[in-house]
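**Student:** Chains as they are written, first to last, in the numbering used here: chain A, 2 to 495; chain B, 2 to 495; chain C, 2 to 495; chain D, 2 to 495.
For glycine and all other residues, C-beta sits at the position ideal for the given N, C-alpha and C.
Here is the structure:
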């Protein structure tokens, strides 16, 4: 959820790339429910949205750039999408450019009938598979990794749609939460490690799937359970539900960053309240890195729960020392006299009367490039803070993500460039601390990280990737000499 | 600032009608500064925005419906507005309909030269004055009350522009903060009682005026002082500043609702931090109306500072029991199965894991029609709260405003219709308390309300209007039998 | 009617500035009729359109840039304009810039009630009158000359609306066809000389006014008669019609260029079919300036009727040697290799198979700057024409127009710069002839021009202006030394 | 070219479905030339336009709904299309719906590289081929028949691109003029019978292809020759040109309706000026069906050349008895009083002063449904014509087209429903005559139609289709009982 006040000023942020939603066996209002569900998932992808529906005879699709509300709030838009089954997608552009062709759900008319797919995640061998398919005469209509799955299904020689889909997914590597529609029903599927989330709910006779549980609340549905890692759930139009495990059993490794940043605080992920997990991270931070200060100040909005946790554990008062503007989104023409350089921001402002003359603990969710953190520290000092202690509710972010999160290239990540002390100097803080990896695991309910078999995907912190990365390996072989010099962090700012 | 999660669903909200900003003696970037300044005042008026500039030869004006960012963020839009003096306006439609003609600044080519005016407030005898002017041949181009001032200036027989303006303002009654531009300089003026706010700042050689101090931060200017009630400040192009008091000296009565709701928490109003005033109201509430509960939950975002104050005073933990969505603005087509009636909202959601099984104190800034409060209480109960105690950070809102605030008609105001107990029953709370009038005055720094000569305009709470209301009186005489039966509050919901 | 194929390439064209339409005493569909009527008058003004209506209680107005069809073809647009009386206006921008504020009908709320006015023509002392009004405190909302009339009405001390209007028009000088609406009915009025046209029609119980008779056909109304020069016709809601002659009786001098160019060929103007007048001009041309050639080729579309007349009189075959494209309006990016300079045009093309090896007579309606004529001659030669004889269906256009026609400044008019022979050389024709002034008068039904008291306004040909030109005289006094040296035509191209 | 005044009122018209244009070996301005060329072909397809270009490295494509000028007149749009080779397409929707996906040129990334195709015509076995391809796993991105060719190329096992294309075209049946671009050059190809037109031109070093010769004039290119029926011309980047005849030699059968209606009058088609062909049809009509009348009146604009021919042959004067409005395109809200039923039209009007009291010969290009002809006759009578003789510059249009022309279903065609006498009664004419088939052939330069081997495709007149119609046959077998009762024309209007 792109809530960070400096987010679009300098690209110093992370983006989840997608949210998916599907509903089957409603009484004809599947698209309206899907629009509401996607709207609740808007924070997972703000650049484009799409919905496909099925009315027993044919599929209907409508896709557009921009927010769900811009594309799916009118009666006309919903009337174009009749039927009792629908699935939708919100997207932040990553793989494949931002054109309308890449907006999902993707749809194809296969010999076996219509096939619609919505995908959150990233297929790490998509480039390799695509080359093979094109060499056999396949024509791709998008640059999306997801289209690979469709072509694999289209050319699979298995007889049933379920077998074709399983056949296709066995060739695929990486992270995915999928919602598939065919003229016979809906299938929801999560990758063998469950890296990307997928939840299941119910509303009267309907079955609902969504990336996060908040989408269920938006339509009055009740949360039933997570789709399990490696599970494929089939729902037919007669209401029957069958579950499959095409990849056998694997220990799960869901993305720990869903807790730290992506998911909405009122969602339940991996069996735990995101809000409570974030508060618990704040508590851990206060235990691990206490601070002699006057106030706890969150970087709004994503730092708020951890700041509450820190405040409650430490006994330091929680105060809104930074006020976030509700009217952001465009960059204004700046007068030339350096308003920008004086630390002024249109997106938030220091609450000087609270901050002035105080020693403050700033709580933020993460440090990516560090430029934002520097600006915030400077803004607090400009407003009269006498000491600024920075506490980060995640571990140092030092590695790229190949599972569907848009991360700056590694050479831009502050934690990949510097050690802790240099980072503190870079952001000009009086002290700097991250929560420990084990503290993070404790906050999300584990005793500690099991290094032999970690309970989460934490590759962005540890570099320990849970799958093969075929396309990356090929690119690295092609361009070995261009790779980032991993062993020598640079201490100077870029 | 329209931050209330239910705001545009049922009209249960208040709107400030305007914000003004002006800057003189920049080096040619007056419009860019004005755009940034207005953007910081966006919460005071979100329906339209306008900027006029002057480059020593002529005036340029650009106005548009929608937000400042939609109209003034591009280089093209700013390039249309050259010059070293500019003034702007953001508007929430009240008097005069929503057409572009009513978007300010208003401009007229008078015999003495160009005349531009931006106005926050409401002239309570505008209708009467307009009739007189039209009967003499004046042709109005808008339905705005502000245009009356221009015609009074145009037809004044005094020689200088300052005398003409003073002549005009002496005929005018009500509330106003004005920024006027002529080919000779800028004038900023506040009504005799200072009902509406106006602040003065400096940036290098430039002088800046704005409705709130946050606008100074947005352009790197420093806050100097409030324009005083009844003060008219003239700034010339040579930098000279003269202050006038055309109405003599009056005791000030600024709008106390600026502290309660309108101003941004990081603004300074009437010499006091708005954030601190709101926290102090929360403290007063905790002292006056304590509560045996588990959690303090703010109605975001405007209830947050008071909730922090309540939490700190009471020792009850502050928790985000309601999560606000950042993607609101359009009403979606609702599935017919009653999602709306089950208390579901797209704009926020209960944070069930925090609320469930708990006794909570809800803190909101005010109760207007009461329908919103009812929905919030129901949402908390649906999420499992065992008790919901409602605490309001203002006094009962029982009277209309004739000074530039858009208030539902009196027959819709819950506090005009019911006594406290009935209100508690209406919103289905386990207990309900408002801060007392004297508690409110204490929170904003006074010892208590001086009833002979109140320090603030608090007519919305007390019905004690500080000016004549000429147009209202005439309408009431015209339609005495249609008036609201003030003496018999009705206890049933509408 | 801007039908000339080169029109928007180089500004070498004339524009009528307005068309007006009004209808009263329909049964509630006045706006729909007005939209159809204006659409038929679209050729008189293509930059903006507006309609005002009255439903017995209030006036409604809608105005927009662009064509009638873009603004008034939807049910929504018409539904905004209820009532049984309406008037509209199409505009080609001349006096007053192109902003929406200048789009007519103009409307004002006077003390005596609403007042709406639509005006075709130009008031030649508007600047002088405006200054006087502003010095008395009047505030203008547009830069249109028409607004002067409203202010004169607003400040007139006569008691009735008819008297106020007459009072105002007595102060006004120039050309006008007006349609005025008040809460008591409609008034249609033509200037004392009848320079601009205004026609009256009937449809069932309704009375209709329009600039041209084609508008009657568009709504199924029948043409009744011309509004006479200096006549003011009042129509009340009870159907009564009264005619007034506030300026006494004057000999009429309608604009002869309505016959030559402005009016649609299927209109009746000054009692004569425009198509027949144009054919008769062609006949005159053939009699006065015969030619030994193979074909008569019109410059489409405005040259077609005169070419038919020339062909029938001369016996030379009429052929489409120039084909006009129906898809024009935007200027394309040109490849850099000089496609433009080779005489290529997107708006028309030579019909080479007809023209090649032939001696042709080209018939055009007029020569303004001459650059278009040169291009056409070159295009014909490029297509293989062996001789090109140019015949012009009007007299040499050598003087500006102050009566509502947009003419290039005099120094750009070819006939003001050169004598006949030099003009022929300039446009590279083998021969060049204009119809004579007396031939022109004969074609429109007169015996010859009465020089003591000409039957038409032909100032653009003769420089004999029928009214005072107050604003022009003042400007010329202000800048006598800048004036165009009238006596020495320059023979070189600019 | 949709020039018919009633065209979009009642669907009584024919539409060519496409125009194509390509240019190779320019110096980097291929897209700008293509935009100009397509603009000149706008009459062949007004619903959508697209251009693809190639700069030696990659392909660029831009497509949009609406006219060429709306999509390709800005520098931004052309800058998106760099390169020295480009091809474009204008489209009137027929096969495949109006969505953007069907707008050409279509593009695919094949294993052998990029492949772009623009197609005018219709593939009459596209449905059958598509089914086969999908059953093998092909995924179609459009519903266009053209995409079949791409998939056939993608899956062809021949080694070179030329062989793959030839292989694909051998499987295809119907009418096509194609422009193909690959990373190695351009290919232009016409179906074996040359049903759809394709012309070749030169401009400096560049080679140009276009549906009509007018496109060459628009860019300053010279016409070289027709691409011959069944010819495939390859142009490489080194300027070498090779011609192929993959289908052997066949007698040509170009579409005779290009002469009658589709092509612009200033085009050369099948070696003959279209304008002269149309005039010659008028001459034939005058010889075959003379008339005792006063005037010849064309239905503008498409009837004009034939009317000139009729006038010159008969000696009857040619007059503009119908004036066409230049401002059409939207349907206005009609007042309810029946303006529509009284024969009033916004698109044209009777020139009453010319028509009144006269016996007229109306010349139109064709009769499709007949409703338009009826309206025109009624309009002439309403305007006072005493006799209306209808002469049609083509033969009775009684059969559908399967080669890329959008024709109403056969049951709507007047000539399929009635014999000549009934048609005359239906349109209320005093006499009615069509040109004879042999007269038509004489007008276009043949002695007569050779029935054993007709020189043109005239299936719309004769029902003699020159190719197999595989998809039609299958549909007819599927639904034999639903077919139109061919043998019993119905005499009543629908």
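Could you give the DSSP three-state label for residue 20/B: helix, strand or coil?
**Tutor:** By one-based count along the second chain, residue 20/B stands at place 19. Strand at residue 20/B.
**Student:** Once the 5 residues before and after residue 25/A are set aside, which same chain residues still bring their CB inside 6 Å of it?
**Tutor:** One-based indexing of the first chain puts residue 25/A at position 24. So the qualifying residues of the chain are 86, 187, 208 and 236.
**Student:** Tell me, please, whether the CB atom of residue 60/C is closer than 8 Å to any CB atom in chain B?
**Tutor:** Sequence index remark: in the third chain, residue 60/C carries index 59 (1-based). Cβ-Cβ to chain B under 8 Å: no for residue 60/C.
**Student:** Would a C-beta distance cut-off of 8 Å place residue 366/A and residue 326/A closer than the cut-off?
**Tutor:** Here residue 366/A is taken as the residue at index 365 of the first chain, counted from 1. Here residue 326/A is taken as the residue at index 325 of the first chain, counted from 1. Taking 8 Å as the Cβ cut-off, residue 366/A and residue 326/A do not qualify as a contacting pair.
**Student:** Give the residues of chain A in contact with residue 187/B, contact being defined as C-beta atoms less than 9 Å apart.
**Tutor:** Start at 1 with the first residue of the second chain, and residue 187/B comes out as number 186. Per Cβ cutoff of 9 Å: no residues; residue 187/B is ~18 Å from chain A at best.
**Student:** Would you decide whether residue 58/C is buried or exposed? Buried here means 16 or more other CB atoms lie within 10 Å of its CB.
**Tutor:** Position 57 of the third chain, counted from the start, is the residue given in the question as residue 58/C. Result: exposed.
**Student:** If I measure Cβ to Cβ from residue 23/B and keep anything under 6 Å in the same chain, skipping five residues before and after, which residues do I get?
**Tutor:** Numbered from its first residue, the second chain carries residue 23/B at position 22. Excluding residues within five positions, the ones whose Cβ falls inside 6 Å are 88, 180, 187 and 210.
**Student:** Note down, in chain order, each residue of its chain lying with its Cβ closer than 7 Å to the Cβ of residue 13/B, except the 5 sequence neighbours on either side.
**Tutor:** The sequence position of residue 13/B within the second chain is 12, counting from 1. Hits under 7 Å: 7, 369, 370, 372 and 373.
**Student:** Relative to the alpha-carbon of residue 291/C, which residue among 316/C, 221/C and 64/C has its alpha-carbon at the smallest distance?
**Tutor:** As a position in the third chain, residue 291/C is number 290, starting the count at 1. Out of 316/C, 221/C and 64/C, 316/C has the C-alpha closest to the C-alpha of residue 291/C.
**Student:** Can you tell me where the alpha helix (DSSP H) with residue 383/D in it begins and where it stops?
**Tutor:** On the fourth chain, residue 383/D is found 382 positions in, with the first residue counted as 1. First-last of the alpha helix (DSSP H) with residue 383/D: 372-383.
**Student:** For residue 312/D, name the three-state secondary structure that DSSP assigns.
**Tutor:** Stepping through the fourth chain from its first residue, residue 312/D is reached at position 311. Residue state, collapsed to three classes: helix.
**Student:** Taking all protein chains shown into account, do 16 or more other C-beta atoms lie within 10 angstroms of the C-beta of residue 123/D, making it buried, or fewer, making it exposed?
**Tutor:** Here residue 123/D refers to the residue found at position 122 of the fourth chain. When all chains shown are included, residue 123/D counts as buried.
**Student:** Which whole-angstrom value describes the C-beta separation of residue 143/D and residue 103/D, a residue pair presumed to lie in contact below a C-beta threshold of 8 Å?
**Tutor:** In the fourth chain, counting from the first residue as 1, residue 143/D sits at position 142. In the fourth chain, counting from the first residue as 1, residue 103/D sits at position 102. Contact flag correct, Cβ pair sits at about 5 Å.
**Student:** Residue 135/A touches chain D at which residues, Cβ-Cβ below 9 Å?
**Tutor:** The residue labelled residue 135/A in the question sits at position 134 within the first chain. Those within 9 Å of residue 135/A in chain D are 110, 111, 112 and 155.
**Student:** Check each candidate in 200/B, 242/B and 297/B and name the one with the smallest Cα separation from residue 273/B.
**Tutor:** By one-based count along the second chain, residue 273/B stands at place 272. Here the closest residue by C-alpha is 200/B.
**Student:** Closest by CA to residue 352/A, which one among 386/B, 323/B, 379/B and 219/B?
**Tutor:** Taking the first chain and counting its residues from 1, the one referred to as residue 352/A is at position 351. It is 219/B.
**Student:** Would you kindly report the start and end of the unbroken beta strand (DSSP E) that includes residue 233/A?
**Tutor:** To locate residue 233/A, count along the first chain from 1; it is residue 232. Run containing residue 233/A: 233-237, per the beta strand (DSSP E) assignment.
**Student:** For chain A, find out if any of its Cβ atoms is closer than 8 Å to the Cβ of residue 18/D; answer yes or no.
**Tutor:** Within the fourth chain, numbered from 1, the residue matching residue 18/D stands at position 17. No, residue 18/D does not count as interfacial toward chain A.
**Student:** Express the C-alpha separation of residue 402/C and residue 459/C in angstroms, rounding to a whole number.
**Tutor:** Within the third chain, residue 459/C is the residue found at index 458, counting from 1. Within the third chain, residue 402/C is the residue found at index 401, counting from 1. For residue 459/C and residue 402/C, the distance between alpha carbons rounds to 10 Å.
**Student:** For a test of the three-state rule: what should DSSP assign to residue 413/B, helix, strand or coil?
**Tutor:** Counting from 1 along the second chain, the entry for residue 413/B is found at position 412. The answer is helix: DSSP assigns residue 413/B an H, G or I state.
**Student:** Would a check of beta-carbon distances place residue 125/A closer than 8 Å to chain B?
**Tutor:** By 1-based counting over the first chain, the position of residue 125/A is 124. Chain B, which has no Cβ nearer than 8 Å to the Cβ of residue 125/A, makes this no.
**Student:** For residue 357/A, collect the residues of the same chain with a Cβ closer than 6 Å to its Cβ; drop the 5 residues on either side in sequence, then sort them by chain order.
**Tutor:** Translated into the one-based positions of the first chain, residue 357/A becomes position 356. For residue 357/A, where only same-chain residues beyond five positions count, the Cβ hits under 6 Å are 385.
**Student:** Taking the DSSP output, what are the residues bridged to residue 126/D?
**Tutor:** Residue mapping note: residue 126/D aligns to position 125 of the fourth chain, counting from 1. Answer is none; residue 126/D lacks a bridge partner.
**Student:** Measure the Cβ-Cβ separation of residue 381/D and residue 322/D and say whether it is below 8 Å.
**Tutor:** For the purposes of this step, residue 381/D is taken as the residue at position 380 of the fourth chain. For the purposes of this step, residue 322/D is taken as the residue at position 321 of the fourth chain. For residue 381/D and residue 322/D, yes; Cβs fall inside 8 Å.
**Student:** Mind checking whether residue 350/A and residue 277/B have CB atoms under 8 Å apart?
**Tutor:** For the purposes of this step, residue 350/A is taken as the residue at position 349 of the first chain. For the purposes of this step, residue 277/B is taken as the residue at position 276 of the second chain. No, the Cβ-Cβ distance between residue 350/A and residue 277/B is not below 8 Å.
**Student:** Kindly list, in the order they appear in chain A, the residues whose Cβ is closer than 8 Å to that of residue 142/D.
**Tutor:** Residue numbering aside, residue 142/D sits at position 141 when the fourth chain is read from its first letter. Simply 140 and 142.
**Student:** Let me make sure I understand the geometry here. Which of 247/A, 202/A and 390/A has the alpha-carbon closest to that of residue 308/A?
**Tutor:** To locate residue 308/A, count along the first chain from 1; it is residue 307. Looking at the Cα atoms, 390/A is the closest of the given residues.
**Student:** In angstroms, rounded to a whole number, what distance separates the CA positions of residue 466/B and residue 254/B?
**Tutor:** Counting from 1 along the second chain, the entry for residue 466/B is found at position 465. Counting from 1 along the second chain, the entry for residue 254/B is found at position 253. Cα-Cα distance, rounded: 10 Å.
**Student:** Does the Cβ-Cβ distance between residue 148/A and residue 107/A come in under 8 Å?
**Tutor:** Numbered from 1 along the first chain, position 147 holds the residue referred to as residue 148/A. Numbered from 1 along the first chain, position 106 holds the residue referred to as residue 107/A. For residue 148/A and residue 107/A, yes; Cβs fall inside 8 Å.
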